[in-house]
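Participant:
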Amino acid sequence: MALQCVTFWLELLKKVRIADDIKNNEDDVQLELEKLLKLKLPYHSIGIYPFGSRIMGVAQETSDLDVYVELDNSFYEYSESPTMEVLERQRIVANAFNSESNWKRIATFGGRCPIVVVKHSTGLQCDLSFFNGLTYRQNILVMYLFELQPIEARYMVIYLRDWIQNIGLKDVFRSHILILMVIFFLQLHNHLPGIDRLQANQEPTVGPWVTTFNQLKLSDFNMSKLEVNEYNTRSVLKQFFRFYANFNFAQYAICPYLGRYTQLRSRDNKFTRFTTAIQDFILLDFNKGWQIKGMHVRTFIYRCQKELD
257 MALQCVTFWL
267 ELLKKVRIAD
277 DIKNNEDDVQ
287 LELEKLLKLK
297 LPYHSIGIYP
307 FGSRIMGVAQ
317 ETSDLDVYVE
327 LDNSFYEYSE
337 SPTMEVLERQ
347 RIVANAFNSE
357 SNWKRIATFG
367 GRCPIVVVKH
377 STGLQCDLSF
387 FNGLTYRQNI
397 LVMYLFELQP
407 IEARYMVIYL
417 RDWIQNIGLK
427 DVFRSHILIL
437 MVIFFLQLHN
447 HLPGIDRLQA
457 NQEPTVGPWV
467 TTFNQLKLSD
477 FNMSKLEVNE
487 YNTRSVLKQF
497 FRFYANFNFA
507 QYAICPYLGR
517 YTQLRSRDNK
527 FTRFTTAIQD
537 FILLDFNKGW
547 QIKGMHVRTF
557 IYRCQKELD
């Protein structure tokens with residue numbers, strides 16, 4: 257789906273329709289998962305909060321379903337790392353998939369965000385997490401931004417997911433990173449407001465972090481929505497490639513929370529000790545670009561430049 261290809265727009269619209277179909281057909285699977293957990297864990301309160309690419313409307317056919325499982329009113333709990341309570345919730349949920357059902361447990365992983373991987377009889381893989389509702393709340397904000405600027409946000413991410421896979425950088429420039437890069441680009445081009453402006457006068461809800469926001473209109477920021485059409489989509493994608501082909505990753509942090517250029521040297525070592533600084537817009541002390549090395553940045557910049565030839 258090359259940007260200059262004559263079939264670019266038709267191919268992109270096809271991928272958008274696929275993403276829409278995936279998003280609109282998740283309810284049955286989610287209800288089945290919730291029903292199973294409530295049946296297997298009758299003495300626990302259960303909340304199911306799907307998030308990720310399938311819910312945000314940017315998924316591909318092979319995308320997994322991500323679900324935060326709230327066990328016993330733990331949505332707003334917060335800690336810097338997984339507690340014994342989190343690990344216990346993981347164990348309890350993992351054991352719920354020991355018996356015969358349409359779901360099969362595939363694996364259990366620890367780390368910063370413990371998960372249980374299960375697979376539905378349809379072949380759909382689902383990653384269950386238990387830490388808190390931060391990621392789910394992040395997705396709510398992203399979907400709001402997608403609604404504000406559908407062509408410049410969601411359409412761009414759908415295109416860029418395919419592009420980043422074709423250039424061999426999918427494992428480091430993952431979907432959540434592309435989303436942050438797209439949002440930051442749009443903010444600097446006066447098409448989206450900084451997250452700090454949306455969160456004005458909001459109070460922390462999960463630990464020290466603010467996850468709520470004011471649902472304002474673009475007109476409140478003297479911005480307007482672009483019409484969804486082929487010309488505008490090509491134009492904005494070219495601007496994206498031009499912007500990042502010339503972006504100084506060594507000097508600036510990608511900071512969608514503020515939505516403006518931020519000197520990397522003004523950040524602490526959670527950002528400065530890595531090649532790339534991409535700040536999460538809710539978990540403000542987390543550098544999502546920590547895995548991106550110099551060789552990845554050079555390849556990314558080179559491929560952005562090639563899109564402009």
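All the letters of the sequence shown, read from the start, carry residue numbers 257 to 565 under my numbering. The C-beta atom is built at its ideal place from N, Cα and C for all residues, glycine as well.
(1) Alpha carbon to alpha carbon, how far is P338 from V349?
(2) Express the C-alpha separation of L327 and Y508 in angstroms, rounding to a whole number.
(3) Taking the alpha-carbon of K270 as reference, which of Y411, P460, T467, L295 has the nearest alpha-carbon?
(4) Cβ-heavy atom distance between M312 and the ligand NAD below 6 Å?
(5) Measuring straight from C-alpha to C-alpha, what distance separates H552 and Y558?
(6) Alpha carbon to alpha carbon, how far is S301 from Q346?
(7) Please report the distance separating the alpha-carbon of D284 from that of Q519.
(8) From G550, Y324, E483, F402, pick the residue whose C-alpha is nearest to that of N504; which is it?
(9) Which residue's Cα is closest to the Cα of V462: N329, L289, D277, P306?
(10) For the beta strand (DSSP E) that contains Q381, what are its first and last residues?
(11) Ends of the beta strand (DSSP E) at L321?
(12) Run the CB neighbour count on N422, radius 10 Å, all protein chains shown included, and call it buried at 16 or more, exposed below.
(13) Would you mind reading off the limits of the alpha helix (DSSP H) that contains V262?
(14) Whole angstroms are fine: how far does the CA of E356 sit from the CA of I278?
(15) Take the Cβ of D536 as the centre, count every other Cβ of all protein chains shown within 10 Å, and call the residue buried at 16 or more, exposed below.
(16) Let me make sure I understand the geometry here. Which of A352, K494, I311, P512 has the alpha-carbon closest to that of Y299?
(17) What's the call for L390, buried or exposed, on a 16-neighbour Cβ count within 10 Å?
(18) Run through the DSSP bridge pairs and tell me what F365 is partnered with.
Facilitator: Result, derived from the coordinates:
(1) 16 Å
(2) 40 Å
(3) Y411
(4) Among the components of this structure there are no ligands whatsoever, and the ligand NAD is therefore not found.
(5) 10 Å
(6) 14 Å
(7) 46 Å
(8) G550
(9) N329
(10) 381 to 385
(11) 321 to 327
(12) exposed
(13) Unbroken run through V262: none, as it is neither H nor E.
(14) 26 Å
(15) buried
(16) A352
(17) buried
(18) I371
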